[in-house]
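In this text, residue positions in the sequence shown follow my numbering: the first is 1, and each later residue adds one.
By construction, the Cβ of each residue, glycine as well, lies at the ideal position given by its N, Cα and C atoms.
What follows is a set of notes on a single structure, which appears directly below.
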Amino acid sequence: MMRITLITFLLSGILLATHEGEYWPFSIYPMFSKAGNPWTRAIVTDVSNVDSSDVWQTTSLNEINGTVESILDAGVDQIDFSNFVSKTKNWDEKRVQALRTMLGEQHFQNEDWMIFKVRGQMVGDDSVTVQVTPYLLFKSDTTLFNPNLSNEDYFSE
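Laid out in structure tokens, this is it:
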């Protein structure tokens, strides 16, 4: 019994030493080490039937404008999509076109899709606030930036 315990601890120590701590349950993955930090994700809605005066309003998840689209149906991974939207610092024509291509240009021929940045953060010890900000509007022939946001929100480097 003592021999098995010693072998187990030795094996765990070797795995931890050779994998820079990335050995469960001692992982440093963000889901374990960054709990409580602010986060940003992205979602897509069809806003074709939303009044143009409401389309750029920042809301909560419960009051989001439009019909939420499944980007999985467009063949896009949610994590890749969210990372692309949240980590892009300069929304030049090349980056906008890359996102349009990622989601599939065919979707914008008959529908207007709004890309939202969803930001969440802890408030106090037991509450979370989530803010849903319209970011990019994809129409059939153009892409529009939110006129309520500053230029620095789209070009920060």
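- Take residue 112, set aside five residues on each side of it, and the residues of its chain with a beta-carbon closer than 6 angstroms to its own are 47, 48 and 139, in chain order.
- For residue 71 against residue 44, the beta-carbon gap comes to about 6 angstroms, under 8 angstroms, which counts as contact.
- Setting aside the 5 residues that flank it on each side, residue 108 is surrounded in the same chain by 100, 138, 139 and 140, each with a C-beta closer than 8 angstroms to its C-beta; the list follows chain order.
- Residue 103 sits close to residue 76, with the two beta carbons spaced by under 8 angstroms.
- Between residue 41 and residue 82, the C-beta gap is smaller than 8 angstroms, which places the two residues in contact.
- Residue nearest to residue 119 within the set 37, 156, 154 and 155 is 37 (criterion: CA-CA distance).
- For the pair residue 117 and residue 145, the Cα-to-Cα distance works out to about 12 angstroms.
- Distance from residue 54 to residue 62 at the Cβ level is roughly 15 angstroms; contact not present, criterion being Cβ atoms closer than 8 angstroms.
- In the three-state reduction of the DSSP assignment, residue 143 falls in the strand class, which pools E and B.
- Across the structure, residue 149 and residue 156 are spaced so that their CA atoms are roughly 13 angstroms apart.
- Counting only the Cα atoms, residue 115 lies some 11 angstroms from residue 86.
- Under the 10 Å beta carbon count, residue 147 is surrounded by fewer than 16 other beta carbons and is classified as exposed.
- Residue 6 counts as exposed, since fewer than 16 other beta carbons sit within 10 angstroms of its beta carbon.
- Assignment of residue 7 by DSSP, reduced to helix, strand and coil, places it in the helix class.
- Around the beta carbon of residue 136, a 10 Å sphere encloses 16 or more other beta carbons of the protein chains shown; the residue is thus reported as buried.
- Taking C-alpha positions only, residue 78 is separated from residue 84 by approximately 10 angstroms.
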